[in-house]
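Protein chains in written order, with the UniProt record's numbering: chain A, 1 to 1002; chain B, 1 to 274. Take a look at the structure set out below.
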């Protein structure tokens, strides 16, 4: 029987969700809704009797104080009603928890044909509403056709008895699981099959694959296992393992780099080995705090004598561009599995975000899959639910806007964990699988979600067709698993653990079996969300919230006991062996039998041509702009710019305090609303130590040269750490590359060679920065192809590429958190210092962007000079000489002095002519001093009595007192050359500008 | 020496258990993090403890109302144990999700000694979104609440999407008259916010941030006192430190008002039970 329970808030109560809908309808589409109410619908398919349904309705789903409910449609007035529900197969988290609640409450289990599904309907009132408006709201605000379906009802169309007529969104696959044997008679044939099946095999890999399967020894050995030609399971395994995502073919590829100005050519054999691995391994030897790098799911550094911290980052761009909420929540929940699967498993203690999106007010002709505004809304919400419900504080985050990200927006997510350095007397960062150990899959079940879109595109839609490859993360299931696995770890039950991310079991089991040198997997044991999956689908599905764990047979009972207590599903799905074979069975049949070392069979490297054209060769010059006459208005308009203005509304939605270790918060200052340089967290509550964390993203500089983009990004991330009290001797790095397509194609990608050269240069800069600043790269990821082909006004498609972007994250361990410093001036009468020189470096600055200019003079990083200052700053902070410290970043001194004024809530009087200056790159004017983005600079305030000792510490360095925190007014007063008043603005004026763009968003 | 045993619930998406356990230890108790299913199965008995803490988090994902399924599960399996615990005059504290669970269980507000009736609700914030911010609280010094004894004001963070306290006017009036309203959102001077956002972050009626039962032994609040377990948790600590330093003083020698709240509870047990 199918029954729907409808639940709504009582009419007299404020319906916050409905209010938000009314507000967005008006501001996004100019659609005027006068009244709205939301109704939750729980659809139950079961054999419950009426009495049981009544109990479920009243005792579980209805709050007697606030809600009304009914087993028939609620009689709520409307002009229009929109119903929105999930497509079959989309993860319905409230549906799952409803099942759990009912099972517990009625003591009843659900049969295979029974289930619970949730959906919503919205009752709208508005005299002027027409169907077209309502359908727009349904399709562009309330649902996304990839995961949801909707129906619109007018008053006349509504049947009060049937209501929205909700059917269970269940998956029915009328299919007997099987595997197929693939012909490999010729390269062409295999290439054709690869295309048809969406295997995405690289043409260069195809001969190697054929050679292997046609090898007489291989054939003989396969014959014994009952196999001849390769099966689809095997080819899918190879396809996953050889994908750019898993194998990093770009960074392992060969680059022929030519500098067009002198035609000098250099061949780069592997960017990864040369620019990432080599310097990191060297630094690992020098820095005793580096524990484990370059092989596990995340890097490991020492936190204190008993604990290590774990860090990694990830992007989830493509899925977020299709389904922003689903993509982002899957991204954050997914990256949180990496620390859980590092070493023997770590406890998560913080996360961060980075969003790069197009103009959220875009109203031009291009049609991205999701409008940037909607995309940002969805992404923010996804990370909110994923992060908050994981119980992990989101302590840092940045949001950037640039038109290039309308082609593909970027969603960066970062995760940090902490683990005792020893588990049962053994180092926790080491792990291995051994023959005889059982392969266990814990957590969620496997479905068609996360399979490379094949099914969605090749099958026609029916109401029971699963909804493709977009997933919805389930932090609740994962949190239960997290708690459970930490107990198993501490009891010494886990010799090996890894997560199921890209590639699913194919990747987690495939890679972990390389350590023991073999495995046998029983795919029929893998718990499924619904029946009817083929073997290859079970093997590669990326269904979320799963970990793969090795457990010794003698520990199985205890492991399963804990699993049951925590209500986490765990299943033995195979066994590690030392046969040298990856052996996959389904019931009695073998469906894959390949050598574990198959992937080392000399697959060819990818190759790229890279041609560097210097900015001068490309015709970039400095723009011709005379000095402005109204600096007050100019500065206010800079503060209103989306990349400079307040994004408080995003940060407030994230719990940044859970776990009780917050030391420096993401928002600081008297009004707690100015973005901090970095966050500091105590992952171990009994310790005085803290972990500082910062990130930087400066993609604009790639317009001139990605080399300097990279050096400036790393310099800023490091400086941010130092500003809060970080330790220069302990800086861990994390590089997340997001690059447009670099494979040259005269038609499809004519500037591919240049973008490839930008990548090579960014990697060279990465190495230089890491060596000079002594930063081992604890972890890193790359996401290529950040391009989109957007439909235009006349049916044409235009390629829009994102800027070459790197998010660089820094970690540092602070010995004594009570020495930490925040950025706001704290005492009037304190002296204001600027450290580091300001040069004529407005190239690709926010200032030039305000005039639609790029320029040429990109900021240069002088590592050797800067690091002397950074060490001195560390010492100044450790010796408590500094009242506030702030790293100057995007927007230059003008913007950052404004931030300081707002953060302190006190006035500042500074004189630009007192700044440390560097005229080597051209003459300096007031606007250059105010808006140049020269790297390496801090603004510091100190007590007057510390003046001499402070100046002594910075003797011989660029460090000048430029003014003071005022006693008698709350203005920002900036005097220019010749000591004329350039800027005179009150904190109120500054605050109004800073909050003008996004200030009304909550 | 005898220890005050505090039980902190864990599992099913709860997530503040570690810091709540830590703060109870700082307050002088022995903390026990216990999975809800260990109580359900009887492996661990509630009667062996003095204080029961329902902590923050997202039990069952908060999918069908915050704290609803948690309350239902506890009522179904250990409902009697909970009522016995109350009868014995032991202490319960519910923070955020735990507060939501307490009101859904009916343990709060416990009017007319009925500890099973749902008569108040904590619902979606008026602002329509989850919000993390520090709030100023005014404590009611006439309240019987044992946890807030001797407190006038406190700063704690709130972190919730469903924190708006609502009830019938009659119930509200009774709560006020009984001094069961323990904490109200206030301005920096301790004057109630009168609904003004963001001082009152969620639109709670009468600025209610926390209530107790008539005995003062069951206490629920939306703000997180356990997140103020160290002086560096406070958003203004760097400025306070700097100002004190100018006077030759240092911050952090005294117990935070967060720890103090738990210590009041622990001290009460020591006085009443040992």
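The beta carbon of each residue, even a glycine, is placed where N, CA and C say it ideally should be.
Which chain A residues are close to residue 165 of chain B, counting only those with a beta carbon under 7 Å from its beta carbon? Residue numbering aside, residue 165 of chain B sits at position 165 when the second chain is read from its first letter. None at all; the shortest Cβ gap to chain A is about 11 Å.
Which chain B residues are close to residue 98 of chain A, counting only those with a beta carbon under 8 Å from its beta carbon? Working through the first chain from its first residue, we reach residue 98 of chain A at position 98. Those are 63, 64, listed as they occur along chain B.
Proximity below 7 Å, CB of residue 435 of chain A to CB of residue 259 of chain A: If you number the first chain from 1, residue 435 of chain A lands on position 435. If you number the first chain from 1, residue 259 of chain A lands on position 259. No, the pair does not count as a contact, with Cβ atoms beyond the cut-off.
What in chain A is Cβ-close to residue 22 of chain B, meaning under 8 Å? Position 22 of the second chain, counting from 1, holds the residue named residue 22 of chain B. Within chain A, the residues near residue 22 of chain B are 660, 685, 686.
Comparing alpha-carbon positions, which option in A/847, A/479, A/958 lies nearest residue 834 of chain A? By one-based count along the first chain, residue 834 of chain A stands at place 834. Comparing Cα positions, the closest option is A/958.
Just reading off the alpha helix (DSSP H) that residue 904 of chain A is part of, what are its end residues? Here residue 904 of chain A refers to the residue found at position 904 of the first chain. From DSSP, the alpha helix (DSSP H) with residue 904 of chain A extends over 892-904.
With distances taken Cα to Cα, identify the nearest neighbour of residue 530 of chain A among A/786, A/287, A/152, A/114. The residue given as residue 530 of chain A occupies position 530 in the first chain. With distances taken between Cα atoms, residue 530 of chain A lies closest to A/114.
Any contact between the region 760-773 of chain A and the region 838-845 of chain A? By contact I mean 3 or more CB pairs, one from each, below 8 Å. no
For residue 6 of chain A, write down the residues that DSSP places opposite it in a beta bridge. Translated into positions along the first chain, residue 6 of chain A becomes position 6. The partner list for residue 6 of chain A (beta bridge, DSSP) reads A/41, A/70.
What I want to know is whether the C-beta of residue 582 of chain A ends up closer than 6 Å to one or more non-hydrogen atoms of the ligand COA. Among the components modelled here there is no ligand, and therefore nothing to report on the ligand COA.
State the CB to CB distance for the pair residue 723 of chain A and residue 742 of chain A, rounded to an integer number of angstroms; the pair is presumed to be in contact (CB under 8 Å). Locating residue 723 of chain A in the first chain gives position 723, where the first residue counts as 1. Locating residue 742 of chain A in the first chain gives position 742, where the first residue counts as 1. At roughly 35 Å, the Cβ-Cβ gap does not stay under 8 Å, so residue 723 of chain A and residue 742 of chain A are not in contact.
For residue 534 of chain A, which option in A/966, A/231, A/301 has the closest C-alpha, if you only look at C-alpha atoms? In the first chain, counting from the first residue as 1, residue 534 of chain A sits at position 534. Looking at the Cα atoms, A/231 is the closest of the given residues.
Does residue 214 of chain A pass the burial test, meaning 16 or more other C-beta atoms within 10 Å, or should it be called exposed? Against the first chain, residue 214 of chain A aligns to sequence position 214. When all chains shown are included, residue 214 of chain A counts as exposed.
Can you list, in chain order, the residues of its chain whose CB lies under 6 Å from that of residue 242 of chain A, leaving out five sequence neighbours each side? In the first chain, the residue the question calls residue 242 of chain A occupies position 242. So the qualifying residues of the chain are 205.
Whose C-alpha, out of B/79, B/161, B/175, is nearest the C-alpha of residue 140 of chain B? Residue 140 of chain B sits at position 140 when you count from the first residue of the second chain. Among B/79, B/161, B/175, the Cα nearest to that of residue 140 of chain B belongs to B/175.
In its own chain, which residues sit with a C-beta less than 8 Å from the C-beta of residue 53 of chain A, not counting the 5 before and 5 after it? Position 53 of the first chain, counting from 1, holds the residue named residue 53 of chain A. Around residue 53 of chain A: 3, 5, 44, 71.
My output table needs one value for residue 749 of chain A: the three-state DSSP class, helix, strand or coil. For the purposes of this step, residue 749 of chain A is taken as residue 749 along the first chain, with counting starting at 1. If DSSP states are grouped into helix, strand and coil, residue 749 of chain A belongs with the strands.
What residue does the beta strand (DSSP E) around residue 83 of chain A start on, and which one ends it? Numbered from its first residue, the first chain carries residue 83 of chain A at position 83. Per DSSP, residue 83 of chain A belongs to the beta strand (DSSP E) from 80-86.
Check whether the region 118-131 of chain B touches the region 52-67 of chain A, counting contact only when three or more Cβ pairs, one atom from each stretch, lie closer than 8 Å. yes
Please report whether the beta-carbon of residue 15 of chain B lies at a distance below 7 Å from any beta-carbon of chain A. One-based indexing of the second chain puts residue 15 of chain B at position 15. At least one chain A Cβ lies under 7 Å of residue 15 of chain B.
Residue-level contact to chain A via CB, residue 57 of chain B, 7 Å cutoff: If you number the second chain from 1, residue 57 of chain B lands on position 57. Chain A contact via Cβ: present.
Can you find the residues in the same chain that come closer than 8 Å, C-beta to C-beta, to residue 128 of chain A, ignoring five residues on each side of it along the sequence? Mapped onto the first chain, residue 128 of chain A falls at position 128. For residue 128 of chain A, where only same-chain residues beyond five positions count, the Cβ hits under 8 Å are 32.
Residue 912 of chain A: which of A/868, A/986, A/961, A/941 sits nearest, CA to CA? Along the first chain, one-based indexing puts residue 912 of chain A at 912. Of A/868, A/986, A/961, A/941, the residue nearest in Cα terms is A/961.
Under a Cβ-count criterion, where at least 16 other Cβ atoms within 10 Å of its own Cβ denotes burial, should residue 805 of chain A be classed as buried or exposed? Indexing the first chain from 1 puts residue 805 of chain A at position 805. Buried, by the Cβ-count rule.
To the nearest whole angstrom, what separates the beta carbons of residue 622 of chain A and residue 935 of chain A, a pair I think is in contact under 8 Å? Residue 622 of chain A sits at position 622 when you count from the first residue of the first chain. Residue 935 of chain A sits at position 935 when you count from the first residue of the first chain. Not quite, the Cβ-Cβ distance comes to about 18 Å (not below 8 Å), so this is no contact.
Can you name the residues that DSSP bridges to residue 302 of chain A? Within the first chain, residue 302 of chain A is the residue found at index 302, counting from 1. Looking at the DSSP assignment, residue 302 of chain A forms a beta bridge with A/308.
Cα-Cα, which of A/907, A/916, A/528, A/479 is closest to residue 987 of chain A? Numbered from its first residue, the first chain carries residue 987 of chain A at position 987. Of A/907, A/916, A/528, A/479, the residue nearest in Cα terms is A/907.
If distances are taken between C-alpha atoms only, which option among A/507, A/718, A/216, A/519 comes closest to residue 590 of chain A? Indexing the first chain from 1 puts residue 590 of chain A at position 590. If we check each option's Cα against that of residue 590 of chain A, A/519 comes out closest.
By alpha-carbon positions, which one of A/773, A/147, A/894, A/306 ends up nearest to residue 870 of chain A? Start at 1 with the first residue of the first chain, and residue 870 of chain A comes out as number 870. The shortest Cα separation from residue 870 of chain A among A/773, A/147, A/894, A/306 belongs to A/773.
From residue 20 of chain B to residue 53 of chain B, what distance separates their C-alpha atoms? The sequence position of residue 20 of chain B within the second chain is 20, counting from 1. The sequence position of residue 53 of chain B within the second chain is 53, counting from 1. One C-alpha to the other measures close to 8 Å.
Cα-Cα, which of B/41, B/173, B/157, B/84 is closest to residue 565 of chain A? Counting from 1 along the first chain, the entry for residue 565 of chain A is found at position 565. For the residues B/41, B/173, B/157, B/84, the minimum Cα distance to residue 565 of chain A belongs to B/41.
Answer yes or no: does any C-beta atom of chain A fall closer than 7 Å to that of residue 73 of chain B? Reading the second chain from its first residue, position 73 is the one you call residue 73 of chain B. Yes, residue 73 of chain B lies at the interface with chain A (some Cβ there is under 7 Å from its Cβ).
I want to verify the contact list: residues of chain A whose CB lies under 7 Å from the CB of residue 19 of chain B, in sequence order. Translated into positions along the second chain, residue 19 of chain B becomes position 19. Result: 659, 660, 685.
Could you tell me the boundaries of the alpha helix (DSSP H) in which residue 275 of chain A lies? Counted from its first residue, the first chain places residue 275 of chain A at position 275. Taken as a continuous stretch (DSSP letters only), residue 275 of chain A belongs to no alpha helix (DSSP H), as it is neither H nor E.
Report yes if the CB atom of residue 904 of chain A is closer than 7 Å to the CB atom of residue 821 of chain A, and no otherwise. Numbered from its first residue, the first chain carries residue 904 of chain A at position 904. Numbered from its first residue, the first chain carries residue 821 of chain A at position 821. No, they are not a contact pair.
Contact with chain A by residue 265 of chain B, beta-carbon distance below 7 Å: If you number the second chain from 1, residue 265 of chain B lands on position 265. Taking Cβ atoms only, chain A never reaches closer than 7 Å to residue 265 of chain B, which makes this a no.
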